[in-house]
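A short worksheet on the structure shown next.
Protein chains: 2
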Amino acid sequence: MNDEKISDFASSTRIRLARNFDGYAFPSMLDRKMSLEIVRKVLAAIGGLDDMTTYYMSDISKDDAIRLIENHLISPDLVKNRQGGAAIINAEEFISIMINEEDHLREQCIVPGLDLKGALSTMSEIDEYLSKSLKFAYDEKLGYLTACPTNLGTGLRASVMLFLPALSITNRIKAVDSALTQSPMTMRGIYGEGSKAEGYMYQISNEKTLGLSEDEILDMTETTVENLINLEAEARADIKKSLSAVKIKDQCMRSFGVATNCALVSSSEFDDLCTNIKIGAVLGYIDISDISKIDELCVKMKASNINAAAGRQLSEEERDAYRAEQGAKKLLSMIY
Amino acid sequence: MNDEKISDFASSTRIRLARNFDGYAFPSMLDRKMSLEIVRKVLAAIGGLDDMTTYYMSDISKDDAIRLIENHLISPDLVKNRQGGAAIINAEEFISIMINEEDHLREQCIVPGLDLKGALSTMSEIDEYLSKSLKFAYDEKLGYLTACPTNLGTGLRASVMLFLPALSITNRIKAVDSALTQSPMTMRGIYGEGSKAEGYMYQISNEKTLGLSEDEILDMTETTVENLINLEAEARADIKKSLSAVKIKDQCMRSFGVATNCALVSSSEFDDLCTNIKIGAVLGYIDISDISKIDELCVKMKASNINAAAGRQLSEEERDAYRAEQGAKKLLSMIY
Chain A
1 MNDEKISDFA SSTRIRLARN FDGYAFPSML DRKMSLEIVR KVLAAIGGLD DMTTYYMSDI
61 SKDDAIRLIE NHLISPDLVK NRQGGAAIIN AEEFISIMIN EEDHLREQCI VPGLDLKGAL
121 STMSEIDEYL SKSLKFAYDE KLGYLTACPT NLGTGLRASV MLFLPALSIT NRIKAVDSAL
181 TQSPMTMRGI YGEGSKAEGY MYQISNEKTL GLSEDEILDM TETTVENLIN LEAEARADIK
241 KSLSAVKIKD QCMRSFGVAT NCALVSSSEF DDLCTNIKIG AVLGYIDISD ISKIDELCVK
301 MKASNINAAA GRQLSEEERD AYRAEQGAKK LLSMIY
Chain B
337 MNDEKISDFA SSTRIRLARN FDGYAFPSML DRKMSLEIVR KVLAAIGGLD DMTTYYMSDI
397 SKDDAIRLIE NHLISPDLVK NRQGGAAIIN AEEFISIMIN EEDHLREQCI VPGLDLKGAL
457 STMSEIDEYL SKSLKFAYDE KLGYLTACPT NLGTGLRASV MLFLPALSIT NRIKAVDSAL
517 TQSPMTMRGI YGEGSKAEGY MYQISNEKTL GLSEDEILDM TETTVENLIN LEAEARADIK
577 KSLSAVKIKD QCMRSFGVAT NCALVSSSEF DDLCTNIKIG AVLGYIDISD ISKIDELCVK
637 MKASNINAAA GRQLSEEERD AYRAEQGAKK LLSMIY
């Protein structure tokens, strides 16, 4: 990899392990009683870990549900399992264990930037802790058994969220995507499978979990990410040399101008403005060195997080005003 | 008048005196020889005054012509009289004497804010100086004779440029305008007769010049201006109390944000942004105390003035970049 700043490209790294219990049907086939038995078992096993909060989908508030989805800690599918779904999340909200989603357990760790080994090590520690008291379904030949065969084997999905605006703007992203379909890696939009990439964010992850060791999956993912970062760096350099550079610079600057000078701004407009600000930052047109702070800000400025911060359900206009004021303050603090 | 700050309403005051020579046809009927004779006479009479520059329409550069029109020092009609048109303009460019426009002389003085008496006094001094050596066509009963009967009498047109955004936004301007048509006063858009008001700027002037003394014309103009300022102040207060206040504030702030954060901006977009910034300033949403500085900036940022400042004909993109950079710098210096 060249000497580009990784944080200009890799927003976050996620490690996910799929685990299931021996002797229980997969969640989609479980009745309420059996589902709750699994929840109880996991909670008992996790007991010794500090600062974990349990959310039961049977009584989660709408605000909490939206907030946890928006923060990528639970999936919309988990929320739908109102009878037996649950999630255990640590205080700093980088570890989440979903119970009775597609599998009995979906253990997930998200860390900023590119850190596949770090995230896997954190996740494995918890997985090993749970394994001491829980017996997971494991086949000597197939590895960990999962509800969907795509997760069979290590049960490991390693994914990295990449910011690839230049590959998108230069229309090279399609070629990259079709090259990836020939590999064991896949590229997806920000909210998971099938959705269109928003804000030029693409999730790169291993499609294959079977027949590979955890280390092989990590190496493969890292190599793909490095290749993509090099291609994106090249595309960014090309844009800066192109005739349209000043127009792109203009658009980025204007977005910063509006985001730091407005009285009302919706969540989706704020996201769009922040995307342009990030482009301006990585192209060197706006003096913000760490774009992950902009990503964090976008999450904080989502409706559910603003309501949580205010401690009550605000009106849409109140939120738009709050976002305009706080967004401007935070963005300005990044450049001064 | 209430205690509103006059500069938030009145942008500039203009006094214009129409004068003609005895024994010459009006300019539209003059041949080249006679036209130039008039120019020579005026130049001889003005000789003793310092720092006056003469522009001959026969050899004025396109850039100078556009710049002087954009700065409201000469009219497009004067430029069309290439054979005999001329203009004498002082160094600070607040006094302009057009020769062979509609009348032989159009003496004009523009001062910032509302200062009818001051502008007339400055203009009269020069007019009296010229009268010492020039014999103007004057009839004991009709007063000064002019090419168009609407200027007969004093030959005096007193006008004040008013910024009336609130009357426009609240749709009250039409009622005001139709009330004025019953009076000896008239309201026009910024570039003179017949044009639509741009940037919410309206020119208020006396339509009648005959049968009134100079003092009466000035009093009448001042009274009308005061009434309009009071109505505008009321409309501004109403807007600030209205439900749409936050949306107007938002628009004003965004315009400031874009004008101070862009890489390219056209002259017409810059004018529109500045209009919104001025609205924000007079409504108290943007901390700029003297909006006349914004008007001055808009004039400076016109293509002709940028070319003049650069000392060469820039390309459109070069000017848009210059305007973006200098405009931002000047606007930011107004608030910090």
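Chains as they are written, first to last, in the working numbering: chain A, 1 to 336; chain B, 337 to 672.
Cβ coordinates follow ideal geometry from the N, Cα and C atoms, glycine included.
Using a C-beta to C-beta distance shorter than 7 Å, which residues of chain A count as neighbours of B:Phe592? Near B:Phe592 (Cβ distances below 7 Å), the residues of chain A are Asn261.
Quickly, what does DSSP pair B:Cys445 with across the bridge? List them, please. For B:Cys445, DSSP records a beta bridge to B:Ile351 and B:Ile431.
By the criterion of Cβ-Cβ separation under 8 Å, what are the contact partners of B:Ala657 in chain A? Here the neighbours are Val246.
Quick one: is A:Lys302 buried, meaning 16 or more other Cβ sit within 10 Å of its Cβ, or exposed? So A:Lys302 ends up on the buried side.
Anyone know if the C-beta pair for A:Ser12 and A:Ile99 falls short of 9 Å? Result no, Cβ atoms of A:Ser12 and A:Ile99 do not sit closer than 9 Å.
Is any beta-carbon of chain A found at less than 9 Å from that of B:Asp607? Cβ-Cβ to chain A under 9 Å: no for B:Asp607.
Unbroken alpha helix (DSSP H) run spanning A:Phe256, endpoints: Counting along the chain, the alpha helix (DSSP H) containing A:Phe256 begins and ends at Ala245 to Ala259.
Return helix, strand or coil for B:Ala494, following the three-state DSSP convention. Strand at B:Ala494.
Beta-carbon contacts of A:Tyr191 that lie in its chain and below 6 Å, excluding the five residues immediately before and after: With a pLDDT of 46 at A:Tyr191, under the threshold of 50, the modelled position of that residue is not reliable, and the figure given next carries that caveat. The answer is none, since no qualifying residue turns up.
Can you confirm whether A:Tyr191, when its beta carbon is compared against all beta carbons of chain B, has any partner nearer than 9 Å? Annotation note: pLDDT 46 at A:Tyr191 (below 50); position unreliable, no value reported.
Any Cβ of chain B within less than 9 Å of the Cβ of A:Asp250? Cβ-Cβ to chain B under 9 Å: yes for A:Asp250.
Does B:Thr389 pass the burial test, meaning 16 or more other C-beta atoms within 10 Å, or should it be called exposed? In summary, B:Thr389 is exposed, with fewer than 16 beta-carbon neighbours lying within 10 Å of its beta-carbon over all protein chains present.
I want to verify the contact list: residues of chain A whose CB lies under 8 Å from the CB of B:Leu650, in sequence order. Below the 8 Å Cβ cutoff, chain A contributes no neighbours of B:Leu650, its closest Cβ being approximately 14 Å away.
Give the DSSP-derived three-state secondary structure of A:Gln313 in the structure shown. In the three-state DSSP reduction, A:Gln313 falls in the coil class, being neither helix nor strand.
Just confirm the distance between the C-beta atoms of B:Gly616 and B:Cys588, as a whole number of angstroms; I'd bet it's less than 8 Å. Between B:Gly616 and B:Cys588, the beta carbon gap of about 3 Å places them in contact (Cβ cut-off 8 Å).
Tell whether a beta-carbon distance below 9 Å holds between B:Phe592 and B:Leu609. Cβ atoms of B:Phe592 and B:Leu609: closer than 9 Å.
Can you say whether B:Met537 is buried or exposed, counting buried as having 16 or more other CB atoms within 10 angstroms of its CB? With 16 or more other Cβ atoms within 10 Å, it is buried.
B:Met523: contacting residues in chain A (beta-carbon distance under 9 Å): Going along chain A, no residue has its Cβ under 9 Å from B:Met523, so there is no contact; the nearest lies around 32 Å.
Distance cutoff 9 Å, beta carbons only. Does A:Leu180 sit that close to anything in chain B? With 9 Å as the cut-off, A:Leu180 does not count as an interface residue toward chain B.
Cβ separation of A:Ala263 and B:Val618, assumed to be a contact under 8 Å, to the nearest whole Å: Rounded, the Cβ-Cβ distance is 16 Å, inconsistent with contact.
Against chain A, does B:Ser531 count as a neighbour if the rule is that its beta carbon must be under 9 Å from one of theirs? With a pLDDT of 44 at B:Ser531, under the threshold of 50, the predicted position of this residue should be treated as unreliable, and no value is reported.
Starting from A:Met368, find everything on chain B with Cβ-Cβ shorter than 7 Å and list it in chain order. Residue 368 of chain A cannot be examined here, being either before or after the span of chain A that is shown, 1 to 336.
Could you tell me which residues DSSP puts in a beta bridge with A:Gln203? Per DSSP, the beta bridge partners of A:Gln203 are A:Met161 and A:Arg188.
Taking 9 Å as the cut-off, decide whether the C-beta atoms of B:His408 and B:Asn356 are in contact. Pairing B:His408 with B:Asn356 gives a Cβ-Cβ distance that is not under 9 Å.
Give me the Cα-Cα distance between A:Ile126 and A:Thr154, rounded to the nearest whole angstrom. When rounded, the distance between both Cα atoms is 15 Å.
Contact check, A:Glu93 vs A:Pro27, beta carbons under 9 Å: Not a contact, by the Cβ cut-off of 9 Å.
Under the rule that 16 or more other beta-carbon atoms within 10 Å means buried, what is A:Asp320, buried or exposed? Classification for A:Asp320: buried.
Simplified DSSP state of A:Thr221, which is helix, strand or coil: Here A:Thr221 carries a helix assignment [DSSP, helix/strand/coil].
Just to confirm, are B:Arg524 and B:Val601 a CB contact at a threshold of 9 Å? No, the pair does not count as a contact, with Cβ atoms beyond the cut-off.
Residues of chain B with CB under 9 Å from A:Leu264, in chain order? Those within 9 Å of A:Leu264 in chain B are Val582, Lys583, Lys585 and Asp586.
From A:Ser121 to A:Leu145, what distance separates their C-alpha atoms? C-alpha separation (whole angstroms): 21 Å.
Assigned secondary structure, B:Thr390 (DSSP; H/G/I helix, E/B strand, else coil): DSSP, reduced to helix, strand and coil, places B:Thr390 within a strand of the structure shown.
Using the beta-carbon of each residue, which ones in chain A are nearer than 7 Å to B:Met589? Those within 7 Å of B:Met589 in chain A are Asn261, Cys262 and Ala263.
Please name the residue in A:Met123, A:Ala235 and A:Gly199 whose C-alpha comes closest to that of A:Arg214. One detail in the question is off: residue 214 of chain A reads as Glu in this sequence, not Arg. Selected option, being the one with the closest Cα: A:Met123.
Sort A:Ala309, A:Leu180, A:Met161 and A:Leu218 by Cα distance to A:Glu295 and report the nearest one. Here the sequence assigns Asp to residue 295 of chain A, which means Glu is not the residue at that position. Considering only alpha carbons, the answer is A:Met161.
My output table needs one value for A:Asn90: the three-state DSSP class, helix, strand or coil. In the structure shown, A:Asn90 sits in a strand (DSSP, three-state: E or B).
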